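*Asks:* Take the sequence shown: its letters are residues 747 to 986, numbered as in this note's numbering. No residue lacks a Cβ here, since even glycine has one placed at the ideal position from N, Cα and C. Computed from a predicted model, the values in this text were never measured in an experiment. I'd like to ask some things about the structure below.
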Amino acid sequence: MTALLEVSGLVSRYGQVAALQGLSFEVAEGEIVALLGSNGAGKTTALRTVSGLHRAHAGKVVFDGQDVSRLKAHKVVTLGMGHVPEGRRVFPALTVAENLLLGGYQRRRDRRAIQARREEIYEMFPRLGERRDQLAGLMSGGEQQMLAIGRALMHRPRLLALDEPTMGLAPQTAQRVLQVVRDIRDQGTTILIVEQNAHQTLRLADRAYVMETGRIVLDGPAAELAQDPRVKAAYLGGSV
Ligand SMILES: Nc1ncnc2c1ncn2[C@@H]1O[C@H](COP(=O)(O)OP(=O)(O)OP(=O)(O)O)[C@@H](O)[C@H]1O
Ligand SMILES: [Mg+2]
Numbered sequence: 747m748t749a750l751l752e753v754s755g756l757v758s759r760y761g762q763v764a765a766l767q768g769l770s771f772e773v774a775e776g777e778i779v780a781l782l783g784s785n786g787a788g789k790t791t792a793l794r795t796v797s798g799l800h801r802a803h804a805g806k807v808v809f810d811g812q813d814v815s816r817l818k819a820h821k822v823v824t825l826g827m828g829h830v831p832e833g834r835r836v837f838p839a840l841t842v843a844e845n846l847l848l849g850g851y852q853r854r855r856d857r858r859a860i861q862a863r864r865e866e867i868y869e870m871f872p873r874l875g876e877r878r879d880q881l882a883g884l885m886s887g888g889e890q891q892m893l894a895i896g897r898a899l900m901h902r903p904r905l906l907a908l909d910e911p912t913m914g915l916a917p918q919t920a921q922r923v924l925q926v927v928r929d930i931r932d933q934g935t936t937i938l939i940v941e942q943n944a945h946q947t948l949r950l951a952d953r954a955y956v957m958e959t960g961r962i963v964l965d966g967p968a969a970e971l972a973q974d975p976r977v978k979a980a981y982l983g984g985s986v
């Protein structure tokens, strides 16, 4: 198996705080891989470091055979890695259509291609098409999450990294978002998803890694992890 994404020995710090302490994992083309872990485990830092938003102190990120550890985020995007950050960051004062245009910024010289791609996004998310002229800030939480995902899809990423896309959503809406993630994979995009909602995520993912204090402590096929007593105790306990 040649990995589309290969992360090895990643160390990331915020000042004296070591948020990643030798993180290693890989994602094969076509997979849905989940990174699970409780608050502060380093999940967001992992995605930010992989996508070039945060500079690694040590270790390596290889994407599609190329070492991207030293590249800036906008360069990593052009190589085919999309990133939907934590907290559905849409531009509230811009319309749905304008938010999507911003997602296609690195291809701005080809306006027609961007507009064609936007139409494809509207087909994928009919709700966004119906509301294309509405201000993003007036959309529901679930709709804003769809918009954030749609924006990341504008440049046709080969790998889409999603940071807690169901956070703060009602259970039914969360289900819909996860179904969309599955559809995106079925259309050929590899998925790396970070979630605290282990229960639903393990049903969606092919494989999963469990993070604690900046490193992997468990990994395996998602169906096996869902049965693992350690995972059950820590992440699937009483609350579900
Ligand atoms: N900007 C920052 N400055 C200093 N420390 C930070 C910063 N961001 C994160 N940290 C620290 O790094 C560690 C990992 O944080 P991170 O946000 O990656 O965790 P997480 O797994 O995404 O948590 P959550 O589930 O709460 O989103 C934590 O100890 C956190 O306090
Ligand atoms: Mg986080």
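Is DSSP giving R953 helix, strand or coil here?
*Replies:* The answer is strand: DSSP assigns R953 an E or B state.
*Asks:* Can you give me the start and stop residues for the alpha helix (DSSP H) that E865 sits inside?
*Replies:* Note, E865: alpha helix (DSSP H), 857-870.
*Asks:* Any chance you could list the residues with Cβ under 7 angstroms from a heavy atom of ligand 2, keeping chain order?
*Replies:* Checking every Cβ against the heavy atoms of ligand 2 under 7 angstroms gives K789, T790, E832, D909, E910, V940.
*Asks:* Using a Cβ-Cβ cutoff of less than 7 angstroms, which residues in the same chain neighbour N845 once the five nearest sequence positions on both sides are dropped?
*Replies:* Here the set comprises V836, F837, A882, L893, R897.
*Asks:* Quick check on A968: buried or exposed, where buried means 16 or more other Cβ atoms within 10 Å of its Cβ?
*Replies:* So A968 counts as buried.
*Asks:* Alpha carbon to alpha carbon, how far is M827 from L840? Give it in angstroms, no decimals.
*Replies:* Each residue's Cα considered, the two are about 24 angstroms apart.
*Asks:* Short of 8 angstroms in beta carbon distance, which residues of its chain neighbour K821, apart from the five on each side in sequence? Order them along the chain.
*Replies:* Correct list, in chain order: G798, V814.
*Asks:* Do L971 and I937 have their CB atoms nearer than 7 angstroms?
*Replies:* For L971 and I937, no; Cβs fall outside 7 angstroms.
*Asks:* State the DSSP-derived secondary structure class of G887, mapped to helix, strand or coil.
*Replies:* In the structure shown, G887 sits in a helix (DSSP, three-state: H, G or I).
*Asks:* Once you ignore the five residues that flank R961 on each side, which residues in its own chain have a CB closer than 7 angstroms to its CB?
*Replies:* Closer than 7 angstroms at the Cβ level, and outside the excluded window around R961, lie Q767, G768, L769.
*Asks:* Reducing DSSP to helix, strand and coil, say where A969 ends up.
*Replies:* Reduced to three states, the DSSP call for A969 is helix.
*Asks:* Closer than 6 angstroms: is that where the CB of G914 sits relative to any heavy atom of ligand 1?
*Replies:* Checking the Cβ of G914 against ligand 1 gives no.
*Asks:* Using C-beta distances below 8 angstroms, list every residue in its chain close to L848, excluding the 5 sequence neighbours before and after it, in chain order.
*Replies:* Excluding sequence neighbours, L848 sits near F837, L840, R897.
*Asks:* Hey, is G811 close to ligand 1, as in C-beta under 6 angstroms from one of its heavy atoms?
*Replies:* No, Cβ of G811 sits at least 6 angstroms from all heavy atoms of ligand 1.
*Asks:* Quick test of your reading: S758 and A802, contact by CB under 8 angstroms. State the CB separation rounded to the nearest angstrom.
*Replies:* Going by Cβ atoms, the distance from S758 to A802 rounds to 6 angstroms, so yes, they are a contact pair.
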